[in-house]
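Enquirer:
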């Protein structure tokens, strides 16, 4: 008889506390789901020229859009991506475009400019003055947070079929432009990211260039993103 009573008590104990645990489970699960759904969002402004819009590749293959996709996680993402860039733009062109578009401040601002100043044989003094203005503008558009600005180096198009006949001169001049850009970034304590070495390592190897045989392919832009992404993850937390 005592054994039967003990058995009944055990069953009642399991049923009571088992049900209590089950009652709590949906609430805990709901709380976890609510926490998972909270995604932190950021905005990204990409300033530049053909290398920023991804001339010769689809929009999704351009490096800003690849970066946006690669950055996304269940807890954070770049919700707003604004691109102010066009093929052929010099520093002067970009300054004018920014004035016309009047972009709002963003959490992250990138700047990649100068190849057309070099290609069009522009006055280097003018480039320096205008690059300084653009760098200041980039900082301003990043809510005056220098840590939220990244500057990307100019790739070397001298390694492409387009620049084969003048590759050494192009390389030398690109180095001069990049040296100044890096110097200004160092002085302002702004992040400088070298992608020139990637363009030179790949050269005109298969899959490295867009169909125009001048601009980077989506694959090459992907290599840029591999280098840029860890830095952006540290910026946008």
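Residue numbers (the numbering used here): 5 to 241.
No residue lacks a Cβ here, since even glycine has one placed at the ideal position from N, Cα and C.
Could you say which of 143, 223, 138 lies nearest to residue 110 if we only look at CA atoms?
Expert: By one-based count along the chain shown, residue 110 stands at place 106. Cα-wise, what sits closest to residue 110 is 143.
Enquirer: Give me the residue from 73, 66, 80 with the minimum Cα distance to residue 90.
Expert: Residue mapping note: residue 90 aligns to position 86 of the chain shown, counting from 1. Nearest to residue 90 by alpha-carbon distance, out of 73, 66, 80, is 66.
Enquirer: Measure the Cβ-Cβ separation of residue 157 and residue 190 and say whether it is below 7 Å.
Expert: Position 153 of the chain shown, counting from 1, holds the residue named residue 157. Position 186 of the chain shown, counting from 1, holds the residue named residue 190. No, they are not a contact pair.
Enquirer: As an exercise, report each continuous beta strand (DSSP E) stretch of at least 3 residues that is fully enclosed by the segment 192–234, in chain order.
Expert: 195–197
Enquirer: Is residue 38 helix, strand or coil when you go by DSSP?
Expert: In the chain shown, counting from the first residue as 1, residue 38 sits at position 34. Confidence at residue 38 is low in this model, with a pLDDT of 49, below 50, so the placement of that residue is unreliable and no value is reported for it.
Enquirer: Return the CA-CA distance between residue 227 and residue 185, expressed in angstroms with no decimal places.
Expert: Within the chain shown, residue 227 is the residue found at index 223, counting from 1. Within the chain shown, residue 185 is the residue found at index 181, counting from 1. Straight-line Cα distance between these residues: approximately 21 Å.
Enquirer: Give the list of continuous alpha helix (DSSP H) stretches no shorter than 4 residues that lie fully inside the segment 84–110.
Expert: 95–105
Enquirer: Would a C-beta distance cut-off of 7 Å place residue 70 and residue 225 closer than the cut-off?
Expert: Your numbering for residue 70 matches position 66 in the chain shown. Your numbering for residue 225 matches position 221 in the chain shown. Yes, the pair counts as a contact, with Cβ atoms nearer than the cut-off.
Enquirer: Return the Cβ separation of residue 45 and residue 79 in integer angstroms, given the expectation that the two are a contact with Cβ distance under 8 Å.
Expert: Translated into positions along the chain shown, residue 45 becomes position 41. Translated into positions along the chain shown, residue 79 becomes position 75. Actually they do not touch by this definition, with Cβ atoms about 10 Å apart.
Enquirer: For chain B, is any of its Cβ atoms less than 7 Å away from the one on residue 69?
Expert: Given the protein chain composition of this structure (a single chain), no chain B is represented.
Enquirer: Looking at the strands, I want to know which residues DSSP matches up with residue 113.
Expert: Along the chain shown, one-based indexing puts residue 113 at 109. For residue 113, which the question treats as bridged, DSSP gives the partners 49, 153.
Enquirer: Could you pull the start and end residues of the alpha helix (DSSP H) that residue 140 belongs to?
Expert: Residue 140 sits at position 136 when you count from the first residue of the chain shown. That run of the alpha helix (DSSP H) goes 128–145.
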